[in-house]
Amino acid sequence: MLSKNMEKSLNEQVNWELYSSYFYLSMSSYFESISLAGCANWMRIQAQEELVHAIKIYDYINERGGRAILAAIAQPPADWKTPLHVFEEVLSHEQKVTALINGLVNLALDERDHATNNFLQWFVSEQVEEEASASSVLEKFKLIGKDKSGLFAIDLELAKRVFTPPAQ
Ligand code: FEO
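Taking the numbering used here, the leading residue of the sequence shown gets -3, the next gets one more, and so forth.
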C-alpha cells in the first residue's frame, strides 16, 4: 500500500511524464513546420516513450492500492529559435525529470518503501539514457553550427529512429 504522500507524488510524476509527451509532440510539430522531417520523427518517438513512462507509473499506482488521478496538462511552448535551441531545451527538461525521479527515490527511501524504490530504479536507469541521447544530438547541432549540409545529415540520421517499447 502506498502512503498518501507517495501516491500524490507519483501522480505528480504521471503529470510530468504526460507533459513531457506533450512537450516533445509540440517540438515534433515545430520541426514539421520547418521541413525537418527526421527531427520531427525523433521527437514524435520521444513523445511516445514519455507516454509509456506515464502509463508505467499510472499502472504502478493502481497496482499498489492507490488511485491514478489525471490532472490538467500544461500547454507546452510552440516555437523555438533554432533546432539547436530545441535540443538545449530537451536536455534541460530531461535533467529536470532526473531531479524529480531522484526526489521520488529519496521519498521512497525516507518512507522505507522498498517496493517503490525498486520500481523507480527502472526510471533511474532510463534517465541516464534519456540525458545521454539528448546530449548526443545536442553536441551534433553544436558541431555543425550554421552549416546547411550538416543539418541535412543530422536530419537524415534522426529519421532512422524507431519506437521500441522500453524493456520491462
Ligand atoms: Fe520520462 Fe524523458 O523522461
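Note that the Cβ used here is the ideal one computed from N, Cα and C, for glycine as well.
Keep in mind the model is a prediction, meaning the values are calculated, not measured.
Relative to the ligand FEO, the beta carbon of S129 is positioned no closer than 7 Å to any heavy atom. By the Cβ-count criterion, N114 is exposed, with fewer than 16 other Cβ atoms from all chains shown falling within 10 Å of its own Cβ.
When C-alpha distances from I69 are compared across M(-3), L14, H89, N58, the shortest belongs to L14.
A straight line joining the alpha-carbon of F119 with that of S29 spans about 32 Å. Residue burial annotation: A128 is exposed, with fewer than 16 other C-beta atoms found within 10 angstroms of its C-beta.
Distances from the CB of V101 to the heavy atoms of the ligand FEO are all 7 Å or more.
Under the three-state reduction of DSSP output, L66 falls in the coil class, being neither helix nor strand. Taking 7 Å as the cut-off, one finds no heavy atom of the ligand FEO near enough to the beta carbon of S31.
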